[in-house]
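Trainee: Residues in the sequence shown are numbered from 5 upward in steps of one, following my numbering. We treat Cβ as the ideally placed atom computed from N, Cα and C, and that holds for glycine.
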Amino acid sequence: MNQLDLNNRTAIVTGGASGIGEATVRRMISSGANVVIWDVQTDKFKKFEKESQCIQVDMASEEAVYQALEVTLKSHSKIDILVNSAGINGVNEPLKDYPTEIWKHVIDVNLIGVFLACRAVVPHMLHNSYGRIVNLSSVAGKEGNPTASAYSAAKAGVIALTRSLGKELATTGVLVNAVTPTTVDTPILEQVSQSHIDYMKSKIPMGRLGTAEELASLIAWLCTEDCSFSTAAVFDASGGRTTY
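1) What does the alpha-carbon distance come out to for the pair residue 245 and residue 209?
2) Tell me, please, which residues DSSP counts as bridged to residue 239.
3) Taking 8 angstroms as the threshold, find out whether the region 71 to 91 comes into contact with the region 46 to 56 through three or more Cβ pairs.
4) According to the Cβ coordinates, are residue 87 and residue 18 closer than 8 angstroms?
5) Quick one: using the 10 Å Cβ neighbour count with 16 as the cut-off for buried, is residue 57 buried or exposed?
6) Taking the alpha-carbon positions, what's the residue 10 to residue 218 distance?
7) In the DSSP assignment, what residue or residues form a beta bridge with residue 42?
8) Using CA coordinates, which residue listed in 228, 156, 66, 137 is at the minimum distance from residue 12?
9) What is the rounded straight-line gap between the Cα of residue 150 and the Cα of residue 80?
10) Which two residues bound the contiguous beta strand (DSSP E) that contains residue 85?
11) Tell me which residue opens and which closes the alpha helix (DSSP H) that residue 140 is part of.
12) Using a Cβ-Cβ cut-off of 7 angstroms (strictly less than) and excluding sequence neighbours within five positions of residue 133, which residues of its own chain qualify?
13) Pick out whichever of 148, 105, 83 has its Cα sitting closest to the Cα of residue 251.
14) Pick helix, strand or coil for residue 188, following the three-state DSSP scheme.
15) Reducing DSSP to helix, strand and coil, say where residue 23 ends up.
16) Using 10 angstroms around the beta-carbon of residue 147, count the other beta-carbons present and answer buried if the total reaches 16, otherwise exposed.
17) With a threshold of 16 other CB atoms inside 10 Å of the CB of residue 26, please say whether the residue is buried or exposed.
18) Leaving aside the five residues before and after residue 28 along the sequence, list all residues of the same chain whose C-beta is less than 6 angstroms from its C-beta, in chain order.
19) Return the first residue and the last residue of the alpha helix (DSSP H) that residue 70 is part of.
20) When burial is assigned at 16 or more other CB atoms within 10 Å of the CB, is residue 99 buried or exposed?
21) In three-state terms, what does DSSP make of residue 178?
22) Name the one or two DSSP bridge partners that residue 214 has.
23) Do residue 215 and residue 189 come within 8 angstroms of each other at the CB atom, strictly closer than that value?
24) Can you grab the Cα-Cα spacing for the pair residue 44 / residue 61, in whole Å?
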């Protein structure tokens, strides 16, 4: 593992209790960061009790996000890093059959949640003239996956939000970037049909799924001072799938 310098940095990782978020938490801890996990999955908090502060947060709730921020700031004097990795898949259905409430919920968690976290944390980063924000999007946000209209739309929104906010903050010392993975082998695949997994895997030139650790390495680098001239950018991690 290559060494990254995140010493004395305080990071919030949403969705940090499992999957790519968990791998990112562990990579950041190994690089010296103090990590606070915001996640709704309280049953997974115990494994972090000696390493990270864990706060239960429904990322679709504005009130919950600001309460989590208040709790975080009681334990940490500053926030240097925000990684938005919380997300859900929804269901795999043709758009004509997609339940409206599930569609809205996917947007609320995957897009509105990113907006809420950024809006809550950015003022504190601006106060210190330093910050790194990494938003987890998806290849689906670039290409649009069939039978995944809500997920694809939400992740496309994350890309646009990242570009917009990154340009707003470009001269402030707060950098905002997105990562667009293809299918990654994590527990979230339990929400997806095997046929849909096979379809997504067939699109990857490398012929395999990504790993959470591979994504965590990229995310962690984007959170370092070494990443100093990239903002409003989208970093691909798709095994060769995307061409733009």
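Mentor: In terms of the structure at hand:
1) Roughly 6 angstroms between the two C-alpha positions.
2) DSSP, once it has assigned bridges, lists 183 as partnering residue 239.
3) no
4) yes
5) buried
6) 18 angstroms
7) 18, 59
8) 228
9) 43 angstroms
10) 85 to 88
11) Segment 135 to 140 is the beta strand (DSSP E) holding residue 140; no alpha helix (DSSP H) there.
12) Hits under 7 angstroms: 176, 177.
13) Coverage of the chain is limited to positions 5 through 248, which leaves residue 251 absent and any answer about it impossible.
14) strand
15) helix
16) buried
17) buried
18) 17, 87, 220, 223
19) 66 to 79
20) Its Cβ having fewer than 16 others within 10 Å, residue 99 is exposed.
21) strand
22) Paired residues: 188.
23) yes
24) 5 angstroms
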